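Colleague: My structure is below; once you've seen it, I'll send some questions.
In the working numbering, the protein residues as written are 2 to 168.
Here it is as structure tokens:
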């Protein structure tokens, strides 16, 4: 009978597959939206203004970047474990930025607090998942040097900057 730790290790090998499959599905939805939605200029010309709470062609760039990073993270598992570790850290920082970014509006009193229940739920779920992954040693025991850790942090910050520029 397998021990609980062995079963957990077997399940962690499914994470890259899930990252790639979920990333491909979500990226294909964003590509579909890009080709079917109107741009802001087209809507402005047709109706004389743009509407809030409507998704435009320009709104697909940020999610497409996020889903591309998710796919690359999953693929890097099979190429190089250190690259997988770096891309996982970059993806963690990017997801953390995406979860925290809507909260800035609370401080400038842009919208009521009700609109921030979902990001708070996402943030809580994100933290819970990360704690579980680190408990079961998400990546097999590989030698992670300080250079690799700093590379992961640097790539993560670079991805966050690109994400903010795409907003």
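Idealized CB from N, CA, C, for every residue including glycine. None of the values given here were measured: they were computed from a predicted structure.
In chain order, what residues of the same chain have a beta carbon less than 8 Å from the beta carbon of residue 162, not counting five sequence neighbours either side?
Modeller: For residue 162, where only same-chain residues beyond five positions count, there are no Cβ hits under 8 Å.
Colleague: Within the same chain, show all residues whose beta-carbon is closer than 7 Å to that of residue 95, passing over the 5 residues directly before and after it, in chain order.
Modeller: Taken in chain order, the residues that qualify are 67, 70, 157, 160, 161, 164.
Colleague: Determine the burial state of residue 46: buried for a count of at least 16 other Cβ atoms within 10 Å of its Cβ, exposed for fewer.
Modeller: The residue is exposed, with fewer than 16 neighbouring Cβ atoms inside 10 Å.
Colleague: How long is the line joining the alpha carbons of residue 121 and residue 80, rounded to whole angstroms?
Modeller: Answer to the nearest angstrom: the Cα atoms are 34 Å apart.
Colleague: Please return the same chain residues whose Cβ sits closer than 7 Å to the Cβ of residue 50, not counting the five positions on each side in sequence.
Modeller: So no residue of the chain qualifies.
Colleague: Out of 36, 87, 73, 126, point me to the one whose CA is closest to residue 59's CA.
Modeller: Minimum Cα distance to residue 59 is reached at 36.
Colleague: Could you tell me how far apart the beta carbons of residue 38 and residue 56 are, in whole angstroms, since I believe they sit closer than 8 Å?
Modeller: Sure, about 6 Å apart at Cβ, within 8 Å.
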